[in-house]
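These protein sequence lines are chains W and U, in that order. Heads up: the first sequence is residues 1 to 544, going by full-length UniProt numbering. Heads up: the second sequence is residues 1 to 544, going by full-length UniProt numbering.
2 protein chains.
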Amino acid sequence: MARAKNVLWVMCDQLRYDYLGCTGHPTLKTPNIDAMARRGVLFTKAYVQSPICGPSRMSFYTGRYMRSHGSHWNGWPLRVGEPTLGDHLKKIGVRNVLVGKTHMAPDLEGMKALGIPPESVIGVHVAECGFEPYERDDGLHPTGRPRPKYDDYLRSQGFEATNPWEHWANSGAADDGSLQNGWLLVHADKTARVPDEHSETPYMTRRAMDFISEAEIEGRPWCLHLSYIKPHWPYIAPEPYASMYSTSDMIPVIRADRERQNPHPVFGAYMDMRYSRNMARDDAREKVIPTYMGLITQIDDQMGVLMKFLEGRGLLDTTMIVFTSDHGDYLGDHWMGEKDLFHEQSAKIPLIIIDPVKEADATRGTRSDALVEAIDLAPTFVDYFGGKVPGHILEGRSLLPLLRGPTPPDWRKVAFSEYDYAMQDVRLKLNQPIERCRLFMVFDGRWKYIHASGFRPMLYDLESDPEEFFDRGDDPECAAIIARLQAELFDWALHPNDHITTPREKIANYADNQLQVKGGILIGIWDEKELAAIKDGIAQRAKM
Amino acid sequence: MARAKNVLWVMCDQLRYDYLGCTGHPTLKTPNIDAMARRGVLFTKAYVQSPICGPSRMSFYTGRYMRSHGSHWNGWPLRVGEPTLGDHLKKIGVRNVLVGKTHMAPDLEGMKALGIPPESVIGVHVAECGFEPYERDDGLHPTGRPRPKYDDYLRSQGFEATNPWEHWANSGAADDGSLQNGWLLVHADKTARVPDEHSETPYMTRRAMDFISEAEIEGRPWCLHLSYIKPHWPYIAPEPYASMYSTSDMIPVIRADRERQNPHPVFGAYMDMRYSRNMARDDAREKVIPTYMGLITQIDDQMGVLMKFLEGRGLLDTTMIVFTSDHGDYLGDHWMGEKDLFHEQSAKIPLIIIDPVKEADATRGTRSDALVEAIDLAPTFVDYFGGKVPGHILEGRSLLPLLRGPTPPDWRKVAFSEYDYAMQDVRLKLNQPIERCRLFMVFDGRWKYIHASGFRPMLYDLESDPEEFFDRGDDPECAAIIARLQAELFDWALHPNDHITTPREKIANYADNQLQVKGGILIGIWDEKELAAIKDGIAQRAKM
Numbered sequence: 001m002a003r004a005k006n007v008l009w010v011m012c013d014q015l016r017y018d019y020l021g022c023t024g025h026p027t028l029k030t031p032n033i034d035a036m037a038r039r040g041v042l043f044t045k046a047y048v049q050s051p052i053c054g055p056s057r058m059s060f061y062t063g064r065y066m067r068s069h070g071s072h073w074n075g076w077p078l079r080v081g082e083p084t085l086g087d088h089l090k091k092i093g094v095r096n097v098l099v100g101k102t103h104m105a106p107d108l109e110g111m112k113a114l115g116i117p118p119e120s121v122i123g124v125h126v127a128e129c130g131f132e133p134y135e136r137d138d139g140l141h142p143t144g145r146p147r148p149k150y151d152d153y154l155r156s157q158g159f160e161a162t163n164p165w166e167h168w169a170n171s172g173a174a175d176d177g178s179l180q181n182g183w184l185l186v187h188a189d190k191t192a193r194v195p196d197e198h199s200e201t202p203y204m205t206r207r208a209m210d211f212i213s214e215a216e217i218e219g220r221p222w223c224l225h226l227s228y229i230k231p232h233w234p235y236i237a238p239e240p241y242a243s244m245y246s247t248s249d250m251i252p253v254i255r256a257d258r259e260r261q262n263p264h265p266v267f268g269a270y271m272d273m274r275y276s277r278n279m280a281r282d283d284a285r286e287k288v289i290p291t292y293m294g295l296i297t298q299i300d301d302q303m304g305v306l307m308k309f310l311e312g313r314g315l316l317d318t319t320m321i322v323f324t325s326d327h328g329d330y331l332g333d334h335w336m337g338e339k340d341l342f343h344e345q346s347a348k349i350p351l352i353i354i355d356p357v358k359e360a361d362a363t364r365g366t367r368s369d370a371l372v373e374a375i376d377l378a379p380t381f382v383d384y385f386g387g388k389v390p391g392h393i394l395e396g397r398s399l400l401p402l403l404r405g406p407t408p409p410d411w412r413k414v415a416f417s418e419y420d421y422a423m424q425d426v427r428l429k430l431n432q433p434i435e436r437c438r439l440f441m442v443f444d445g446r447w448k449y450i451h452a453s454g455f456r457p458m459l460y461d462l463e464s465d466p467e468e469f470f471d472r473g474d475d476p477e478c479a480a481i482i483a484r485l486q487a488e489l490f491d492w493a494l495h496p497n498d499h500i501t502t503p504r505e506k507i508a509n510y511a512d513n514q515l516q517v518k519g520g521i522l523i524g525i526w527d528e529k530e531l532a533a534i535k536d537g538i539a540q541r542a543k544m
Numbered sequence: 001m002a003r004a005k006n007v008l009w010v011m012c013d014q015l016r017y018d019y020l021g022c023t024g025h026p027t028l029k030t031p032n033i034d035a036m037a038r039r040g041v042l043f044t045k046a047y048v049q050s051p052i053c054g055p056s057r058m059s060f061y062t063g064r065y066m067r068s069h070g071s072h073w074n075g076w077p078l079r080v081g082e083p084t085l086g087d088h089l090k091k092i093g094v095r096n097v098l099v100g101k102t103h104m105a106p107d108l109e110g111m112k113a114l115g116i117p118p119e120s121v122i123g124v125h126v127a128e129c130g131f132e133p134y135e136r137d138d139g140l141h142p143t144g145r146p147r148p149k150y151d152d153y154l155r156s157q158g159f160e161a162t163n164p165w166e167h168w169a170n171s172g173a174a175d176d177g178s179l180q181n182g183w184l185l186v187h188a189d190k191t192a193r194v195p196d197e198h199s200e201t202p203y204m205t206r207r208a209m210d211f212i213s214e215a216e217i218e219g220r221p222w223c224l225h226l227s228y229i230k231p232h233w234p235y236i237a238p239e240p241y242a243s244m245y246s247t248s249d250m251i252p253v254i255r256a257d258r259e260r261q262n263p264h265p266v267f268g269a270y271m272d273m274r275y276s277r278n279m280a281r282d283d284a285r286e287k288v289i290p291t292y293m294g295l296i297t298q299i300d301d302q303m304g305v306l307m308k309f310l311e312g313r314g315l316l317d318t319t320m321i322v323f324t325s326d327h328g329d330y331l332g333d334h335w336m337g338e339k340d341l342f343h344e345q346s347a348k349i350p351l352i353i354i355d356p357v358k359e360a361d362a363t364r365g366t367r368s369d370a371l372v373e374a375i376d377l378a379p380t381f382v383d384y385f386g387g388k389v390p391g392h393i394l395e396g397r398s399l400l401p402l403l404r405g406p407t408p409p410d411w412r413k414v415a416f417s418e419y420d421y422a423m424q425d426v427r428l429k430l431n432q433p434i435e436r437c438r439l440f441m442v443f444d445g446r447w448k449y450i451h452a453s454g455f456r457p458m459l460y461d462l463e464s465d466p467e468e469f470f471d472r473g474d475d476p477e478c479a480a481i482i483a484r485l486q487a488e489l490f491d492w493a494l495h496p497n498d499h500i501t502t503p504r505e506k507i508a509n510y511a512d513n514q515l516q517v518k519g520g521i522l523i524g525i526w527d528e529k530e531l532a533a534i535k536d537g538i539a540q541r542a543k544m
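This is how it looks when you write it as structure tokens:
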């Protein structure tokens, strides 16, 4: 009997596209991830559906745009009944398992209205966004919130505190060993107060290997989502990563003075956010970026551990391996911190997929510049496991054809991303109504158009201006380009996959086969003679 | 103690706007409905959100546009978890009760995935679209489908048959008494084979009165949806209604030869549907329309019975009464049968609301030409019962202000309606992909713009062309009007109420109050000094 197929889906948090060796970083060491790229396809134009954790992940986990799943912000519950990857995999007998972060908030009110106890099997499935939570850990654990298992682990290793996650793993040590608040940028250059082996990234890797070992006994195929917390802030790394990189390893900042002169109001408001003002400072960049790089190399080392583990168990031949991120990090580029807007630093993600089958040998080590969306992963996985992709629910497209041959000629011509800033101070600064804090990106591979409700659009030409310094949203010369991309957005907005209860096959059969007449509902038929002719026609067709 | 408030919400099926005395029909007798209009407000520009039963009703019952509830066609299940009027009323202790038709199809697959037994209390609530089904009867009962209670009633009155609904109530009698198939237009002038008292309209009225009597004992406030099947086809009326009107009572047909010359492809395909070709014939109109009129006067007589009943029980002072319809009927106008497109005969509905409170006295007997949508009823009812309208879920607006004073200055400037013809032969004729069979109406009170995916738009000027004979969708002179209404549609499409789990109040509080810092998540703060200043600012504001 052939071994079961599996998917190992690794996600980093806040890892931007250009911070890997294989995507062009000149000094960052990621040999293991680079090796993965050589065994698979590296996608150079993969975009998230919203450049912030919660909504981006809900798009990954549902295979649907934000406007369809409705969870616009961290902590906005995903509505009960919204179908997830886990629902689709469950139908074909595949376990969908989580180790790490999802940022899922359960729709407790919706569950209550439907009488679903949150602690029941179905309740957990719903509350965990369709995952079987082998280890759920969202990676941010301020004091006073529910505690992760990782706290217990740290305690078992002797790291005692009310909040071991914060006190040990995510605080820095001053030269005299005293605790430095790891949330603060000024301490990003301090070393974490735990050694590497007890920090979050190796811990989660071990938990993934625990699962894989146990799953082998169980025998069913699995999709394991290993979802690391890092290099997301708190920017604190253990040794040797804390001192692995210095400011001389940093790539130059990507920003221009002209960006601050008469900027688009939304861009202007973001540049004025506290985290942007701080990250635009060179001293903040110099504190943060070497540590950000160290945290990435730590992940890379763990990829080495993980690949060796899979190889040792003979799982490389049957396991599709995906390496990606949920969005980027401006790191001071464009005078911005965090993510929020759609510059390449924020909306573009690394994406490497290793498809183990023979048909994929031709693409190994290649790069694909096809426009890819985060929502493509869910249909890719369903497709890989041999399931039928529910095209009336999923809004992405399976990447299998691109992994096994040239990009299909009818591949998408534009990629979309969305953002809702209702929960941010930017809304107050711009005095926008709550319902109208919406941004939409349409990118055709060259032109990046951003519709901002209530404001003029933004527009960047990545061919002549790859660094996105020139906003041409009010340039009359670009009117035709803006009109074209706006028409794409209009068409996209009018055609969501909203009828999730009714598959296309059912629709196709209906009009084709005069099912109404067969069912006895006779609409607007004149007389017995006409009715007999219609029934005769149906009978004739049935014989054909 | 004050008596509980109630809502009696009467809906007819396929009753078009201009087929009432109070809306201008010169020969049709509807004295009771006209009297209701004198006691309330008659809305002259009320539009359904889709001119066909299922999706129109799902919009009435959810207070949301079709693109939001996702049920585009008769029989497409409303997804589990889609909030209904019944859910909102339940929260404020109001019973939401059904007598008659809803056209709801339960999402059995979604219920199964969530472990909801369809026969449980919650299962029935979900399956019945948030209604307590005192008597569910969708009005179309071909042989071989589940049988309505009405069948048993007919049998108890001596009308025996395998299918008494069809065999007696909806079949005609020839002069020799022999049965004539009531589905066929050629028999629309025959008399139903049951007397008036045993036909569907009086039966449903009695069932409504049964409920009201029982509810008085129970004591809780109620919203009763009395949802008649008629004047929807089968066009068969009992005496005296069958012979009440003759062809001389018919208003002239509304159509022009120019409509058939080079029509918009979608309009052309609909004119070519069998039911349109048949209803465009004068002999069909002469068979159908007098009976359609008789069925309306039968409903009017039942309104008289019902109002007398409410008056006798002293319920008129506490009960909001609504009279409306789910869409119209072309009846051969514009060379069309059925509904399907957005001409006034199809998308516009009669809407009368009697608000019993004193504050509404000033508007009694008046007409409102404000643009009203079917989705306005759900928030109106929540508002009437004193509930807080969940504005992040409901997409309509409460009509209470319009019932109690002048139209608010910020009232909507355009009304929307949608249609999906994927289930119809029109899709095959036009060779459109299943996902792109979409029509969208935007009406500003004068100009009616129709976006047809894949085709040029249609446009009618109801000021210079109230009969909608001149499609100006390709008239270069109208380019600016088309651009304006298209921009309205674009804006509408980009801003659905999709985040149903997160109320606006929660959003408002968040950005305003720096909740993240309070929660211990410190994003992009430079150092201890800056953190202290932020915390100090929060503390200062809390004191204010």
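Just so you know, even glycine gets a beta-carbon here, dropped at the ideal spot from N, CA and C.
query = What residue does the beta strand (DSSP E) around Cys223 (chain U) start on, and which one ends it?
reply = Numbered from 1 along the second sequence, position 223 holds the residue referred to as residue 223 (chain U). Per DSSP, Cys223 (chain U) belongs to the beta strand (DSSP E) from 222-231.
Spatially closest choice to Gly473 (chain U) from U:Ser464, U:Ile450, U:Ala487, U:Pro118, by CA coordinates = Residue numbering aside, residue 473 (chain U) sits at position 473 when the second sequence is read from its first letter. With respect to the C-alpha of Gly473 (chain U), the residue from U:Ser464, U:Ile450, U:Ala487, U:Pro118 having the closest C-alpha is U:Ile450.
ask   = What is the DSSP secondary structure of Met25 (chain W), counted as helix, strand or coil?
value = One-based indexing of the first sequence puts residue 25 (chain W) at position 25. At residue 25 (chain W) the sequence reads His, which differs from the Met that was named. The DSSP-derived three-state label of His25 (chain W) is coil.
query = residue 559 (chain W) lies in the beta strand (DSSP E); which residues open and close that run?
reply = There is simply no residue 559 (chain W) to check, as chain W begins at 1 and stops at 544 in what is shown.
ask   = What residue ranges within the region 393-428 of chain U form continuous beta strand (DSSP E) runs of no fewer than 3 residues, ordered along the chain?
value = Runs found: 415-420.
query = Near Gly391 (chain W), what residues of its chain come up, given a Cβ to Cβ distance below 7 Å and the 5 sequence neighbours on each side ignored?
reply = As a position in the first sequence, residue 391 (chain W) is number 391, starting the count at 1. Same-chain partners within the cutoff: Arg504.
request  = Check whether the Cβ atoms of Ala347 (chain U) and Leu295 (chain U) lie closer than 7 Å to each other.
outcome  = Translated into positions along the second sequence, residue 347 (chain U) becomes position 347. Translated into positions along the second sequence, residue 295 (chain U) becomes position 295. Not in contact: Ala347 (chain U) and Leu295 (chain U) (Cβ atoms no closer than 7 Å).
task = Note down the Cα distance separating Glu477 (chain W) from Leu489 (chain U), rounded to an integer number of angstroms.
result = On the first sequence, position 477 is the one that residue 477 (chain W) refers to. On the second sequence, position 489 is the one that residue 489 (chain U) refers to. So the alpha carbons of these two residues sit roughly 26 Å apart.
request  = Give a yes or no on whether the C-beta atoms belonging to Arg438 (chain U) and Thr501 (chain W) are separated by under 7 Å.
outcome  = Taking the first residue of the second sequence as position 1, residue 438 (chain U) is located at position 438. Taking the first residue of the first sequence as position 1, residue 501 (chain W) is located at position 501. In this structure, Arg438 (chain U) keeps its C-beta atom at 7 Å or more from the C-beta atom of Thr501 (chain W).
ask   = Quick one: complete alpha helix (DSSP H) runs, 4+ long, within the region 256-297 of chain W?
value = Those alpha helix (DSSP H) runs which fall completely within the region 256-297 of chain W and span 4+ residues are 265-271, 274-279.
inquiry  = Below 8 Å on the Cβ atoms is my contact criterion, and I expect residue 547 (chain U) with Val426 (chain U) to pass it. Report the Cβ-Cβ distance as a whole number of Å.
reply    = This structure cannot speak to residue 547 (chain U), because chain U is shown only from 1 to 544.
Same chain, Cβ closer than 7 Å to Gly63 (chain W), neighbours up to 5 away in sequence not counted = Here residue 63 (chain W) refers to the residue found at position 63 of the first sequence. Closer than 7 Å at the Cβ level, and outside the excluded window around Gly63 (chain W), lie Leu85, Ile375, Ala378, Pro379, Leu394, Glu395, Gly396.
ask   = Should the region 255-266 of chain U be called in touch with the region 450-470 of chain U, which here means at least 3 C-beta pairs below 8 Å?
value = Taking a contact to require three or more Cβ pairs closer than 8 Å, the region 255-266 of chain U and the region 450-470 of chain U qualify as touching.
inquiry  = So, at 6 Å on beta carbons, what are the nonlocal neighbours of Thr291 (chain U) in its own chain, with the 5 sequence-adjacent residues on each side left out?
reply    = Reading the second sequence from its first residue, position 291 is the one you call residue 291 (chain U). The beta carbon of Thr291 (chain U) is closer than 6 Å to those of Ala188, Tyr235, Ala237 in its chain, skipping five residues each way along the sequence.
ask   = Straight-line CA distance for Asp13 (chain U) to Pro142 (chain W)?
value = Within the second sequence, residue 13 (chain U) is the residue found at index 13, counting from 1. Within the first sequence, residue 142 (chain W) is the residue found at index 142, counting from 1. Between the C-alpha atoms of Asp13 (chain U) and Pro142 (chain W) there is a straight-line separation of about 57 Å.
ask   = alpha helix (DSSP H) containing Leu8 (chain W): first to last residue?
value = Along the first sequence, one-based indexing puts residue 8 (chain W) at 8. The continuous stretches of alpha helix (DSSP H) do not include Leu8 (chain W), which lies in the beta strand (DSSP E) extending over residues 6-13.
task = Just tell me which of U:Gln157, U:Gly177, U:Arg193 has its CA closest to the CA of Glu166 (chain U).
result = As a first step, residue 166 (chain U) must be located in the second sequence, where it is residue number 166. Distances from the CA of Glu166 (chain U) to each of U:Gln157, U:Gly177, U:Arg193 were compared; the closest alpha carbon is that of U:Arg193.
task = May I ask you to report which of helix, strand or coil DSSP gives Thr324 (chain W)?
result = The sequence position of residue 324 (chain W) within the first sequence is 324, counting from 1. Strand, per DSSP.
query = Does the beta-carbon distance from Gly328 (chain U) to Arg95 (chain U) come in below 7 Å?
reply = Translated into the one-based positions of the second sequence, residue 328 (chain U) becomes position 328. Translated into the one-based positions of the second sequence, residue 95 (chain U) becomes position 95. No. Outside cutoff.
ask   = Quick one: does Thr502 (chain W) have its CB under 7 Å from some CB of chain U?
value = Here residue 502 (chain W) refers to the residue found at position 502 when the first sequence is read from its first residue. It does: the Cβ of Thr502 (chain W) has a partner Cβ on chain U nearer than 7 Å.
request  = Look at Leu371 (chain U) and Lys45 (chain U) and say whether their C-beta atoms are less than 7 Å apart.
outcome  = One-based indexing of the second sequence puts residue 371 (chain U) at position 371. One-based indexing of the second sequence puts residue 45 (chain U) at position 45. With contacts defined as CB atoms closer than 7 Å, Leu371 (chain U) and Lys45 (chain U) qualify as a contacting pair.
inquiry  = Are the CB atoms of Glu82 (chain U) and His103 (chain U) within a distance shorter than 7 Å?
reply    = For the purposes of this step, residue 103 (chain U) is taken as residue 103 along the second sequence, with counting starting at 1. For the purposes of this step, residue 82 (chain U) is taken as residue 82 along the second sequence, with counting starting at 1. One thing to note: His103 (chain U) has its Cβ no nearer than 7 Å to the Cβ of Glu82 (chain U).
query = Going along chain U in order, which residues have a C-beta closer than 9 Å to the C-beta of Ala438 (chain W)?
reply = For this step, residue 438 (chain W) is matched to residue 438 along the first sequence. Looking at the sequence itself, residue 438 (chain W) is Arg, so the reference to Ala does not match. What Arg438 (chain W) touches in chain U: Leu494, His495.
key: Short CB-CB distance (under 7 Å) between Pro142 (chain U) and chain W   = By 1-based counting over the second sequence, the position of residue 142 (chain U) is 142. It does: the Cβ of Pro142 (chain U) has a partner Cβ on chain W nearer than 7 Å.
Range of the contiguous alpha helix (DSSP H) that encloses Ala347 (chain W) = Counting from one through the first sequence, the residue named residue 347 (chain W) turns up at place 347. Counting along the chain, Ala347 (chain W) sits inside the alpha helix (DSSP H) bounded by residues 344-347.
message = Taking its Cβ as the centre, do 16 or more other Cβ atoms sit within 10 Å of Ala4 (chain U), making it buried, or is it exposed?
response = In the second sequence, the residue the question calls residue 4 (chain U) occupies position 4. Of the residues assessed, Ala4 (chain U) falls on the buried side of the cut-off, its CB having 16 or more other CB atoms within 10 angstroms.
task = Determine the chain W residues that contact Trp76 (chain U) at a beta-carbon separation under 7 Å, and present them in chain order.
result = Indexing the second sequence from 1 puts residue 76 (chain U) at position 76. The answer, in chain order, is His499, Thr501, Thr502.
task = Figure out for me which residue from W:Ala542, W:Gly519, W:Gly537 has the closest Cα to the Cα of Pro146 (chain U).
result = Locating residue 146 (chain U) in the second sequence gives position 146, counting from the first residue. Ranking the options by Cα distance to Pro146 (chain U), first place goes to W:Gly519.
key: Where Ser368 (chain W) falls: helix, strand or coil (DSSP)   = Counting from 1 along the first sequence, the entry for residue 368 (chain W) is found at position 368. Three-state result, Ser368 (chain W): strand.
ask   = How should Met1 (chain W) be labelled, buried or exposed, when 16 other C-beta atoms within 10 angstroms of its C-beta is the threshold for buried?
value = Along the first sequence, one-based indexing puts residue 1 (chain W) at 1. Note that Met1 (chain W) scores 46 on pLDDT, short of 50, meaning its location in the model is unreliable; the coordinates nonetheless yield the value given after this. So Met1 (chain W) counts as exposed.
ask   = Quick one, which residues of the region 332-346 of chain U are near chain W if we go by CB-CB under 7 Å, in chain order?
value = Those residues of the region 332-346 of chain U that come within reach of chain W (Cβ to Cβ, closer than 7 Å) are Gly337, Glu338.
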